[in-house]
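2 protein chains.
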Amino acid sequence: MTIAEYIERLFPQFEPALKTILIENATLRDFQGGDMLMQTGQNMRSTVLIVEGMVKLYREGEDGQEFFMYYLQPGNACALSMICATKQETSQVMAKAIEQTKVLMIPIALMDKLMRDYRTWYYFVIETYRMRFEELLFVIDNIAFKAMDERLAFYLKKQAGDLNTKELHLTHSEIASDLNTSREVISRLLKKMEQAGEIKMYRNYIEYLA
Amino acid sequence: MTIAEYIERLFPQFEPALKTILIENATLRDFQGGDMLMQTGQNMRSTVLIVEGMVKLYREGEDGQEFFMYYLQPGNACALSMICATKQETSQVMAKAIEQTKVLMIPIALMDKLMRDYRTWYYFVIETYRMRFEELLFVIDNIAFKAMDERLAFYLKKQAGDLNTKELHLTHSEIASDLNTSREVISRLLKKMEQAGEIKMYRNYIEYLA
DNA sequence: TAATGAGTGTGACAAAAGTCACCAACATTG
DNA sequence: CAATGTTGGTGACTTTTGTCACACTCATTA
Numbered sequence: 001m002t003i004a005e006y007i008e009r010l011f012p013q014f015e016p017a018l019k020t021i022l023i024e025n026a027t028l029r030d031f032q033g034g035d036m037l038m039q040t041g042q043n044m045r046s047t048v049l050i051v052e053g054m055v056k057l058y059r060e061g062e063d064g065q066e067f068f069m070y071y072l073q074p075g076n077a078c079a080l081s082m083i084c085a086t087k088q089e090t091s092q093v094m095a096k097a098i099e100q101t102k103v104l105m106i107p108i109a110l111m112d113k114l115m116r117d118y119r120t121w122y123y124f125v126i127e128t129y130r131m132r133f134e135e136l137l138f139v140i141d142n143i144a145f146k147a148m149d150e151r152l153a154f155y156l157k158k159q160a161g162d163l164n165t166k167e168l169h170l171t172h173s174e175i176a177s178d179l180n181t182s183r184e185v186i187s188r189l190l191k192k193m194e195q196a197g198e199i200k201m202y203r204n205y206i207e208y209l210a
Numbered sequence: 001m002t003i004a005e006y007i008e009r010l011f012p013q014f015e016p017a018l019k020t021i022l023i024e025n026a027t028l029r030d031f032q033g034g035d036m037l038m039q040t041g042q043n044m045r046s047t048v049l050i051v052e053g054m055v056k057l058y059r060e061g062e063d064g065q066e067f068f069m070y071y072l073q074p075g076n077a078c079a080l081s082m083i084c085a086t087k088q089e090t091s092q093v094m095a096k097a098i099e100q101t102k103v104l105m106i107p108i109a110l111m112d113k114l115m116r117d118y119r120t121w122y123y124f125v126i127e128t129y130r131m132r133f134e135e136l137l138f139v140i141d142n143i144a145f146k147a148m149d150e151r152l153a154f155y156l157k158k159q160a161g162d163l164n165t166k167e168l169h170l171t172h173s174e175i176a177s178d179l180n181t182s183r184e185v186i187s188r189l190l191k192k193m194e195q196a197g198e199i200k201m202y203r204n205y206i207e208y209l210a
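Taken in sequence, the protein lines are chains A and B. Numbering-wise (full-length UniProt numbering), the first sequence opens with residue 1 and increments by one. Numbering-wise (full-length UniProt numbering), the second sequence opens with residue 1 and increments by one.
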């Protein structure tokens, strides 16, 4: 697909002049599953719009845990790349493609103009902030108020929803890393969930029931 | 102080025309310590700028815990009031004045125009989002990766910094509520910190040493 | 096919955190 | 000053979570 096609499909609400300016100035970039889009301490030079694939945003722990925050999907923008790009600040989080992913890179130099001249862009940016803010609040809610069993249940539900599948291809270790706990804890809790009829466990994947 | 004086003092970077429009349209509102500025589920009708006092932002737990997120001080804006105001969404967090507090209320109807016409306003909004986003990331870091003793140490340090005093007028229960744990746990950890020479404990307050 | 490594199961134990019960010190107010 | 409520201290106990050790099953590949 061309840049124009992506924009037409994923951002139909943008006014025509905005689409034109994006088409003229954005560049398309490819990432393979596992590639990093953003790393702690890195300076952002562009605002990033996801147009294909899936990006995992996480906070990295001391021993390489990948504490899960949220996914970005086609049509989403990376709120942090907007913020960091605007202020030339370094990012505090990691963004990793979890499958073949394509993104539009918008040069930061353009941000001011877009915000001033295009109301649909401005609304899009605000909405992006709002959604990510809310995601972070959910994350905080979970770790602040809930025990591991509830957090795990919420996590699986969110995975099933975000990835739009009942077959969750996650190992126990991956889940443990995402929730910053140990594999054994996850294994035990999953067993309980299976006994309660909420999931079925297989090798290398979990079936989420209802 | 008048609205004009507050704006001149706390937002000197705003361009003159922006100051004028704010002076014409903002209203000053008073809160007493303990008053709520914002409650879960409430619709925002204005963007809020703090000009005097101190506001505590927190997430409310099931039994009334006030899980602490951050303080807003004079010169800060409430990021959530901007977001919610713009999108007419309801807020997920609580904001409470912890002392005599004055705020400027900017009608949401004005936000679009301000963002488009005044670059210093736009920068201010972006910077507000960025700072609050970062605060939330710190909160997540702490609860996700750290044990209670470290969280408590960080909490006390932050209080001393934000409130700009070594005399922290906090009861053990208040701290426990802010960190979503029990008073006993806090009492014990504080004792350890005192033995380690990091603090001194008195009735109703704690002295933070360096 | 033997060897290797990843994924998972599990029991035993340790550490951290939460709960309960009760006491004592202090402040406030009738 | 007596009564009451708030604040803080502490021991005993439970629950949750984390750690360690080891075993077993698969899949891959030398």
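Ideal Cβ placement from N, Cα and C applies to all residues, glycine included. Being a predicted model, the structure only gives us computed values, none of them experimental.
What residues in its chain sit with their C-beta under 6 Å from that of residue i, if we drop five residues either side in the sequence?
| i | result |
| --- | --- |
| A/Asp35 | Ala97 |
| A/Gln100 | Gly53 |
| B/Glu24 | none |
| A/Ser177 | Gln65 and Glu66 |
| B/Thr128 | Ala77 and Ala79 |
| B/Tyr6 | Val51 |
Using only alpha-carbon positions, find the residue among the options that is nearest to residue i.
| i | options | result |
| --- | --- | --- |
| A/Leu110 | A/Leu57, A/Tyr122 and A/Phe11 | A/Tyr122 |
| A/Ala77 | A/Gln65, A/Arg132 and A/His169 | A/Arg132 |
| A/Met54 | A/Asp63, A/Gln39 and A/Gly75 | A/Gly75 |
| B/Val139 | B/Arg116, B/Met69 and B/Arg59 | B/Met69 |
| A/Met44 | A/Leu10, A/Glu174, A/Val185 and A/Ile108 | A/Ile108 |
| A/Ala79 | A/Lys191, A/Arg203 and A/Phe124 | A/Phe124 |
| A/Leu37 | A/Leu18, A/Glu135 and A/Tyr58 | A/Tyr58 |
| B/Leu114 | B/Ser81, B/Leu18 and B/Arg183 | B/Leu18 |
| A/Ser81 | B/Ser81, B/Tyr118, B/Glu134 and B/Arg183 | B/Glu134 |
| B/Leu152 | B/Arg183, B/Arg203 and B/Thr128 | B/Arg183 |
| A/Leu156 | A/Ile126, A/Thr128, A/Glu127 and A/Leu190 | A/Leu190 |
| B/Lys56 | B/Ser46, B/Asp63 and B/Gly33 | B/Gly33 |
| B/Ser46 | B/Tyr118, B/Ile7 and B/Asp112 | B/Asp112 |
| A/Pro16 | A/Ala144, A/Tyr118 and A/Met1 | A/Tyr118 |
Using a cut-off of 8 Å between C-beta atoms, extract the partners of residue i located in chain A.
| i | result |
| --- | --- |
| B/Gly61 | Ala144 and Phe145 |
| B/Tyr70 | Here the premise fails: no neighbours, minimum Cβ distance about 11 Å. |
Quick one: what's got a C-beta closer than 8 Å to residue i's C-beta in the same chain, skipping five residues either side?
| i | result |
| --- | --- |
| B/Gly197 | Leu209 |
| A/Phe154 | Asn142 and Lys146 |
| B/Lys192 | Asp149 |
Quick one: what's got a C-beta closer than 7 Å to residue i's C-beta in the same chain, skipping five residues either side?
| i | result |
| --- | --- |
| B/Glu194 | Lys200 and Met201 |
| B/Gly61 | Phe67 and Asn180 |
| A/Leu10 | Val51, Pro74 and Gly75 |
So, residue i versus residue j, is the Cβ gap smaller than 7 Å?
| i | j | result |
| --- | --- | --- |
| A/Asp162 | A/Tyr71 | yes |
| B/Arg29 | B/Met105 | yes |
| A/Phe67 | A/Asn180 | yes |
| A/Ile50 | A/Ala26 | no |
| B/Met94 | B/Gln39 | yes |
| B/Gln65 | A/Leu137 | no |
| B/Thr120 | B/Phe31 | no |
| A/His169 | A/Tyr205 | yes |
| A/Ile83 | B/Arg130 | yes |
| B/Asp185 | B/Val103 | Checking the sequence shown, residue 185 of chain B turns out to be Val, not Asp. Not a contact, by the Cβ cut-off of 7 Å. |
| A/Glu207 | A/Glu174 | no |
| B/Arg116 | A/Arg203 | no |
List the residues of chain A whose Cβ lies closer than 9 Å to the Cβ of residue i, in chain order.
| i | result |
| --- | --- |
| B/Asn180 | Ala144 and Phe145 |
| B/Phe133 | Ala79, Leu80, Ile83, Gln92, Tyr129, Arg132, Phe133 and Leu136 |
| B/Ile106 | Those do not exist, as B/Ile106 stays about 15 Å from chain A at its closest Cβ, beyond 9 Å. |
| B/Ile175 | Those within 9 Å of B/Ile175 in chain A number zero; the least Cβ separation is about 15 Å. |
| B/Ile206 | The contacting residues do not exist; B/Ile206 stays about 23 Å from chain A at best. |
Name the chain A residues that come within less than 7 Å of residue i, Cβ to Cβ?
| i | result |
| --- | --- |
| B/Asp141 | Arg59 |
| B/Tyr122 | Met115 |
For the ligand PLP, I want to know if residue i counts as a neighbour, meaning its beta carbon is within less than 6 Å of at least one of the ligand's heavy atoms.
| i | result |
| --- | --- |
| A/Lys191 | As presented, the structure is devoid of all ligands, the ligand PLP included, so that no description of it is given. |
Taking Cβ-Cβ distances shorter than 7 Å, what residues in chain B pair up with residue i?
| i | result |
| --- | --- |
| A/Tyr6 | Ordered by position in chain B, no residue passes the 7 Å Cβ test against A/Tyr6, which lies about 25 Å from the chain. |
| A/Ile186 | Here the premise fails: no neighbours, minimum Cβ distance about 16 Å. |
Taking C-beta pairs closer than 9 Å, name the residues in chain B that residue i reaches, listed in chain order.
| i | result |
| --- | --- |
| A/Phe67 | Ile140, Asp141, Ala144 and Phe145 |
| A/Ile21 | By Cβ distance, chain B contributes nothing, its closest Cβ being about 16 Å from A/Ile21, past 9 Å. |
| A/Ile50 | Simply none; closest approach about 19 Å. |
Residue i versus chain B: which residues are under 8 Å apart at the beta carbon?
| i | result |
| --- | --- |
| A/Ile199 | Under the 8 Å cutoff, chain B gives no residues; its nearest Cβ is about 24 Å from A/Ile199. |
| A/Ile3 | In chain order: nothing, as chain B lies at least about 25 Å away. |
| A/Ile98 | Correct list: empty, because the minimum Cβ distance to chain B is about 20 Å. |
(message) In chain order, what are the residue ranges of uninterrupted alpha helix (DSSP H) at least 4 long that sit wholly in the UniProt domain "Cyclic nucleotide-binding" (10 to 115) of chain B?
(response) 16 to 25 and 79 to 87
(message) Suppose only complete runs of 4+ residues qualify. What are the alpha helix (DSSP H) ranges in the segment 138 to 174 of chain B, listed by chain order?
(response) 148 to 163
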